[in-house]
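These notes are about the structure you will find just below.
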Amino acid sequence: MKKLFLILYGLFLLSFSIFSYLFVDPNLIYLSNLYTGFAFNNREITTVIYLIGIIIFFIFYISFIQFGRNKLLNKRGVVVLITITTLSLLFSYPAMLSYDIFNYISTAKVAFFYHENPYIIMPIEFINDPLLSFTHAANKIALYGPFWILLSVIPFSLGFGNFLIILFSFKFLNILFYIGTLYFIWKISKKNISLIIFGLNPLVIIETMVSGHNDTVMMFLAIASLFFLIKKKIWSGLLTIILSVLIKYSTLFLIPIYFYGIFQIIKNKNLNIEKFIYFSAISMFLIFLLSPLREEIYPWYAIWFLVFTALIPEKKIIFYLSISLSFGLLLRYIPFMFLGTHFEITPVLKTLFLFFPSLILLIFFYSKKILWSRNI
Amino acid sequence: MRWILRSFLLSIMFLFFFYSPIFAQSSYVLPYPSFMPGSPFYKINLIKDKILKYWYFGKFGQFNYNLKQADKYLVEAKTLFEYDQFLLGQKALKKSDEYFYNIRSNLDNSKANKESIDSKRTLLKEASLKHIEALLMLREGIPEKVYWRPEKSFSTKIYLKKDIEMSISIRRKNL
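As you go down the protein sequences, you meet chains A and B in turn.
Per my numbering, residue 1 is the first one in the first sequence, and the count goes up by one each step.
Per my numbering, residue 1001 is the first one in the second sequence, and the count goes up by one each step.
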């Protein structure tokens, strides 16, 4: 049964990986032999397959959580599951849901091939560069922090100019940081369930292993910083949180909490770790909610708070909200997938899809609470 | 009440209908004057310029930096000449010339392809034309030469028209 479940999970992930290739961009010359145009010409079928895929993904996820809670899934089992997930999705097509990985490559090319400052020179200034035909934010200067740009020299150089190797090297780098994040989650919580909640969350998996977003890198450094602070290593903690901010700036919102932690350590006072994690989760959730002020709530932004919420699985409402929001965020891709436009009704539908599962959950949660209190 | 609301909505629609944005005529636009000599922020601005030189690394970065600086000091010179501050104006013009002189060399060694470099050359040509246009206008309103006599210092003879001719010739090389 256990083996069958693992095989089914692996097969499902492989199918998802194959499904991702239906989204190959027509302008991506490097994968032109894999281009079918299916996702763009058969929007209804593609949306239905995606929706079913997401539902199956969450059925597996909830099952893993149940197995974890019932002690049917030990640490070794989680490691096996994560290995299967990584191997199945490493070679999936990364621009299925977001084109950000192309922006990472374009920015790295500006910095390390053209030797220009990516904060001044936009990729679009290099007319006829082959990356321009499929990079969506070529008309923008670097959107990410300097430490990310510095890190991107690794996957960019590993490719030796071969676009596909560079592309998958970027994905591989992000997966390494995902594994690092899991390592620190384990080190801090020593809970198998925390590993499952974060590591096997479909949103985390899709946004890290399929789309290759660098949010995992930022959160790896934030969680590493938390670990160092727990161990009372102030300088290491300080350095890692600063490096985290220099990846994507969002963790700037953690600075007051981390400084409070450092202050407590200096004063030889006990650091209430649970409270620290709780406020870090709240803080990252707030910045997540505020992201429409800049652009919009992108699904991968959830990784910012999911890292912390996984560490406090006993907080039921946070736990359920994390799952429902993860589900809602992955549903956000549906309106564009179906309609093929970012305008008209799409933004409204995106918001509805995002909050609908959480709203249902909250209504259910509170009605249950009210009914329960009335019974007493 | 309803009548007021309707007329309000109609007037807003009317405004939107007839509103049309005004676009600049010139394809290349010079910036507004920045801090002028004498301002306490002028020195800070000079330091900022020196730091920015390193921030704008790379061939295209240096191209942008030198062009930006050339524009800035040309506008500064123009403003100073208009206020008869000839010595300071001449100094600013020389700075603008220096930056302008440096622009072209950055394109020659760039790793970018021919099309990208050509687009920068086009931009440089447009900038040169605009600079020449501004310098020609400036030449009309200034004397041939002036004796500049600062307080507690020796007088200096400034050949304004000759300097402007020199600046124009530097820019003409890019046409």
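The beta-carbon is built from N, C-alpha and C at its ideal position, and this holds for glycine as well.
Put simply, of A:A281, A:I230, A:I206, A:E274 the residue whose alpha carbon is nearest the alpha carbon of F263 of chain A is A:I230. The alpha carbon of K1048 of chain B has as its nearest neighbour, out of B:K1114, B:Q1069, B:Y1032, the alpha carbon of B:Q1069.
Nearest Cα to N139 of chain A within the set A:L339, A:I120, A:Y30: A:I120.
Near chain A, meaning a CB-to-CB distance below 7 angstroms, the residues of the region 1085-1113 of chain B are K1111, A1112, N1113. Straight through space, the alpha carbons of K1157 of chain B and K1050 of chain B are spaced by roughly 30 angstroms. Listed as beta-bridge partners of Y278 of chain A by DSSP are no residues whatsoever.
At the C-beta level, Y99 of chain A and T135 of chain A come within 8 angstroms of one another. Taken through DSSP and simplified to helix, strand or coil, T1156 of chain B comes out as strand. Per DSSP, the beta bridge partners of V1146 of chain B are B:I1158. Contact of F58 of chain A with chain B is not assigned, every C-beta pair being separated by 8 angstroms or more. The C-beta distance from F253 of chain A to I287 of chain A rounds to 5 angstroms, short enough to meet the 8 angstroms contact threshold. Look at Y114 of chain A: its C-beta is under 8 angstroms from a C-beta on chain B.
Residue contact check for N103 of chain A against chain B: no CB pair falls below 8 angstroms. Separation of the CB atoms of T46 of chain A and M337 of chain A is rounded to 6 angstroms, and the pair is thereby assigned contact status at 8 angstroms. Just so you know, the alpha carbons of L4 of chain A and I55 of chain A end up roughly 19 angstroms apart. For Y61 of chain A, the secondary structure class from DSSP, reduced to helix, strand or coil, is helix. By the 16-neighbour rule on beta-carbons within 10 angstroms, G1141 of chain B is exposed.
The distance from the Cβ of I277 of chain A to that of I312 of chain A is about 6 angstroms, consistent with a contact at the 8 angstroms cut-off.
Less than 8 angstroms separates the beta-carbon of I127 of chain A from that of N1113 of chain B.
For I101 of chain A against L131 of chain A, the beta-carbon gap comes to about 11 angstroms, at or over 8 angstroms, which does not count as contact. Excluding five sequence positions before and after P1031 of chain B, the CB atoms of its chain that fall closer than 7 angstroms to its own CB belong to D1071, K1072, V1075, given in chain order. Cβ contact annotation for T1079 of chain B (same chain, cutoff 7 angstroms, sequence separation greater than five): P1033, M1036, in chain order.
Closer than 7 angstroms at the C-beta level to chain B, one finds these residues of the region 123-146 of chain A: E125, F126, I127, N128. Taking the beta carbon of N117 of chain A as reference, the chain B residues within 8 angstroms of it are W1055, Y1056, F1057, G1058, G1061, listed in sequence order. With its beta carbon less than 8 angstroms from one in chain B, I120 of chain A belongs to the interface.
Assignment of E125 of chain A by DSSP, reduced to helix, strand and coil, places it in the helix class. Measuring C-alpha to C-alpha distances from Q1090 of chain B to each of B:R1149, B:L1160, B:K1145 identifies B:L1160 as the nearest. Interface flag for E1082 of chain B against chain A is unset, since no Cβ pair is found closer than 8 angstroms. A1112, N1113, E1115, S1116, S1119: these are the residues of the region 1112-1132 of chain B whose beta carbon lies less than 7 angstroms from some beta carbon of chain A, given in chain order. Judged by DSSP secondary structure, I166 of chain A falls within the alpha helix (DSSP H) whose first and last residues are 163-189. Within chain A, the residues placing a beta-carbon under 8 angstroms from that of N1064 of chain B are I120, I121, ordered along the chain.
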